[in-house]
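Working notes, structure below.
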Amino acid sequence: MRTVFKTSYDADINLFRHGAQRGWYILLLVVMLVLPLGVSSFAIGEMTNLLIWSIACMGLMILVGQTGQASLGHAAFLAIGCYANVLLQERLGLPFILSFPLAGLIAGIAGALIARPMTKLHGIYLAIGTLAIAILVDDFIVIAAPLTNGVIGLFAPDIDIFGLSFNRYANPERLYYLILGITLLVVLAYRNLQRSPLGRSFAAIRDSEISAQAMGVNVARTKAVAFGISAGITGLAGALMGHFAGIFNNETFNIIISIQLLLAIVIGGLGTIHGAFFGAAVVALLPQAISMTRDLLNQVLGGGSIAIPGLESAIFGAILIAFILFEPSGIYGRWFKIRTYFELFPFYRRDMFRRQKSYLKTERMR
Amino acid sequence: MDVLQLIVSGLANGCVYGLVAMGFVLIYKATEAVNFAQGDFMMLGAFICLGLTNPQFMGLPFWISVPIAIAAMGAFGYALDLVVLRRMFGQSQVAVIILTIALGFVLRFAAGLIWGHEPISLQTPMAGQYVRFGGLVLGLNELIIILVTVALTVILYFYFNRTKLGVAMQASSQNQLAAYYMGIPVKRIHSLIWALAGMVAAVAGILFASKGSIDPSIGLLGIKAFAAAVIGGFGSLPGALLGGLIVGLLEPFASRYIAAGYSQIMPYLLLFLILVFRPHGILAQVHQKKV
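This is how it looks when you write it as structure tokens:
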């Protein structure tokens with residue numbers, strides 16, 4: 001077990017807790033940078049998809065993990081970001097480098113505006129409200145067909161930055177590096193947010209709204225800001241998803257995607273950046289893993305290729321049920337426990353991370 | 367006459383929404399948890415009844431398979447609480463919401479495996495029969511849906527307010543610890559309430575199936591029923607029915623008088639407005655405690 005001696009006030013808010021931790025993250029970055037040299041272009045595409053999903057998961061994580069507000073409607077912000085990005089490029093002729101941040105901004109403003117009347121709600125009411133928003137945005141895309149082309153959908157042009165073109169098929173490595181850079185920026189922004197006063201007030205609201213209020217946090221405004229930031233980052237992910245998919249319509253961002261996003265961060269581990277990445281890995285790689293397993297089974301058993309509809313979401317659901325029952329703190333929580341076990345080697349006790357028993361009281365009588 | 371016809375079919379639809387919404391409310395009222403799989407419970411109930419009744423499966427008489435389906439769903443609800451949800455005791459609401467969403471995925475998959483994904487219609491004795499009131503032609507099934515729903519609502523209302531078990535259910539919801547002190551077996555009460563919700567869902571499913579064909583994805587109707595429960599006031603049984611009726615009536619009139627595309631968003635728009643202006647629904651259950 002490493003003991004960190006804090007010798008300056010900055011030690012509490014440093015980006016890394018100690019030198020070894022910094023070393024590991026630099027190693028991870030190096031691995032990510034050299035990855036395209038060693039793997040096939042298919043694998044690079046999958047990694048790119050994973051990174052895009054991680055950005056979306058981080059967006060939702062700020063709201064759910066950091067501020068403690070449930071949202072079942074984040075696909076709406078994916079859609080807003082995606083459509084805003086492509087429409088700004090096609091209708092106004094803006095370059096990607098402008099339209100991409102603007103798309104995030106538009107999604108963020110939309111999120112903050114929507115959140116403003118909903119900050120009165122919490123718990124399930126908030127979940128339902130956001131669910132309604134996801135459905136409304138889906139239908140709105142169909143209604144606004146002259147702009148959004150309705151159910152037929154839109155084509156996303158290739159990303160073009162100062163003459164450099166990024167295409168998923170023509171040059172997957174370039175797209176991978178671009179998205180890796182964006183992911184890195186988002187992680188840095190997230191990390192900085194966590195250690196800023198705003199991030200602290202998010203955590204205060206998550207842990208207890210009443211005590212946050214007593215500490216002088218403006219709960220309604222902070223929640224709206226959290227919604228805005230979360231929607232903004234999700235919007236960025238949506239813009240990238242649009243470019244990655246190439247073609248999209250209202251169905252691309254349906255209610256199932258919102259739910260999957262929420263499930264992903266729960267599987268990954270709520271409240272941590274690691275959790276966003278682990279969850280994204282599960283969501284992004286599960287379909288491939290299932291189809292590979294199926295191919296393998298078919299080879300071994302010699303059967304034809306049988307497609308079972310709904311298998312993917314069923315396996316996803318089963319994994320999720322197992323996690324909520326047996327490891328509510330997600331993949332990251334499990335990893336943390338294993339790490340602690342080895343750090344403290346002979347002294348780890350089973351009840352170290354035991355949850356406290358609690359009893360529910362009704363929300364209806366306050 | 368046209369308007370009356372729309373009203374009756376809207377009411378019949380609304381009753382199904384109301385019944386599913388009531389399942390939400392039952393569980394919410396007693397365990398403070400929200401069961402997002404309620405729509406899938408309804409689907410499962412409908413399919414169990416269909417599997418027992420339809421000739422290509424078991425071919426039992428309709429009036430025998432209905433009670434079996436209801437009992438099976440009750441047992442399913444009880445077992446589900448016993449095996450899965452009891453472990454969630456005392457955890458946050460959001461965890462339960464996510465758990466039940468995942469459960470919905472699994473149920474939909476299981477139903478698809480057993481009964482296939484093609485729409486099938488339940489063969490009921492009421493199908494295709496009509497009742498004439500003057501110039502008005504009403505489907506017998508629609509009338510039965512309305513009657514059954516009203517009867518069930520009244521029974522549940524009295525159950526919660528007059529019987530010992532019903533009051534115990536309310537008590538265990540309001541304060542679990544205090545309910546323990548009063549000698550209420552809170553965990554068994556929770557299992558019973560899940561059983562009850564399963565049974566109500568089975569009734570809703572059978573009624574829904576009597577109106578048209580069903581497939582495993584009808585569970586998504588749960589979202590609309592959810593909207594209904596919130597519009598009426600989450601935590602209030604009459605409110606759930608009221609909300610269901612409002613949504614049910616809103617739909618046919620919206621699709622008739624408002625341009626296509628706009629009409630199907632009306633329930634959600636109403637939900638959104640209710641959440642903004644009257645967050646706890648029309649028949650609110652929230653009482654501010656006086657200091």
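Taken in sequence, the protein lines are chains A and B.
Under our numbering, the first residue of the first sequence is numbered 1, with each subsequent residue one higher.
Under our numbering, the first residue of the second sequence is numbered 367, with each subsequent residue one higher.
We treat Cβ as the ideally placed atom computed from N, Cα and C, and that holds for glycine.
Source: prediction; values computed, not measured.
Collapsing the DSSP output to three states places A:Ile338 in a helix. Secondary structure of A:Leu147 (DSSP, three-state): helix. In the displayed model, A:Leu102 falls within a helix according to three-state DSSP. For the C-beta of A:Asp351, not a single chain B residue is nearer than 9 Å; the gap to the nearest is close to 17 Å.
For the segment 308-328 of chain A, the set of positions with a beta-carbon nearer than 7 Å to some beta-carbon of chain B reads Pro309, Gly310, Leu311, Ser313, Ala314, Phe316, Gly317, Ala318, Leu320, Ile321, Ile324, Leu325, Pro328 in chain order.
Counting only Cβ-Cβ distances below 8 Å, B:Arg453 has contacts in chain A at Leu325, in chain order. Burial is judged here by how many other beta carbons sit within 10 angstroms of a residue's own beta carbon; A:Met292 has fewer than 16 and is exposed. Under DSSP, no beta-bridge partner is assigned to A:Tyr25.
No residue range can be given for A:Phe253, since it is assigned to no beta strand (DSSP E) and is classified by DSSP as neither H nor E. The C-beta distance from B:Glu508 to B:Ser375 rounds to 6 Å, short enough to fall under 8 Å.
Annotation: B:Leu451 to B:Val462 spans about 8 Å, alpha carbon to alpha carbon.
The beta carbon of A:Gly129 falls within 8 Å of a beta carbon belonging to chain B, placing the residue at that interface. By the Cβ neighbour-count rule, A:Met352 is exposed, with fewer than 16 other Cβ atoms within 10 Å of its own. A Cβ-Cβ contact shorter than 8 Å links A:Ala156 with A:Phe248. Neighbourhood of A:Tyr125 in chain B, by CB distance below 9 Å: Val596, Phe600, Leu641, Pro645, His646, in chain order. Counting every other CB atom within 10 Å of its CB across the protein chains shown gives B:Thr466 a total of 16 or more, marking it as buried. Around the Cβ of A:Leu178, a 10 Å sphere holds 16 or more other Cβ atoms; the residue is buried. A distance below 8 Å separates the beta carbons of A:Phe278 and A:Tyr332. Under the 8 Å Cβ criterion, the segment 226-243 of chain A does not count as touching the segment 24-42 of chain A, having fewer than three qualifying pairs. B:Thr529 is not a Cβ neighbour of B:Leu385, given a cutoff of 8 Å.
Taking 8 Å as the threshold, the shortest C-beta distance from A:Ala281 to chain B does not fall below it. Using a Cβ-Cβ cut-off of 8 Å, A:Leu175 does not count as an interface residue toward chain B, since no Cβ of chain B sits closer than that to its own.
Distances from the alpha-carbon of B:Ser579 to those of B:Gly549, B:Ala544, B:Trp481, B:Gln542 put B:Trp481 closest. Taking each of A:Pro172, A:Ile128, A:Val266, A:Ala189 in turn and checking the Cα distance to A:Gly73, the smallest one comes out for A:Ile128. The C-beta distance from A:Gly269 to A:Ser230 rounds to 17 Å, too long to fall under 8 Å, and the pair is not in contact.
DSSP places A:Phe166 inside the beta strand (DSSP E), whose first and last residues are 164-166. When Cβ pairs closer than 8 Å are counted between the two stretches, the segment 397-410 of chain B is seen to touch the segment 587-604 of chain B, the count reaching three or more.
Measuring C-alpha to C-alpha distances from A:Lys223 to each of A:Glu173, A:Val137, A:Ala70, A:Tyr176 identifies A:Ala70 as the nearest. Under DSSP, B:Val497 shares a beta bridge with B:Leu504.
At least one CB of chain B lies nearer than 8 Å to the CB of A:Met118. Around A:Arg195, the same chain offers Ile13 as residues with beta carbons nearer than 6 Å, after the five sequence neighbours per side are excluded. The Cβ of B:Ile510 sits no closer than 8 Å to any Cβ of chain A.
If you compare the alpha carbons of B:Val642, B:Ile648, B:Leu418, B:Leu370 with that of B:Gly505, the shortest gap goes to B:Leu370. Along the segment 544-578 of chain B, none of the residues has a CB nearer than 7 Å to a CB of chain A. Excluding five sequence positions before and after B:Val569, the CB atoms of its chain that fall closer than 8 Å to its own CB belong to Leu385, Gly411, Ile436, Val514, Leu518, given in chain order.
Closer than 7 Å at the C-beta level to chain B, one finds these residues of the segment 252-268 of chain A: Ile259, Leu262, Leu263, Val266.
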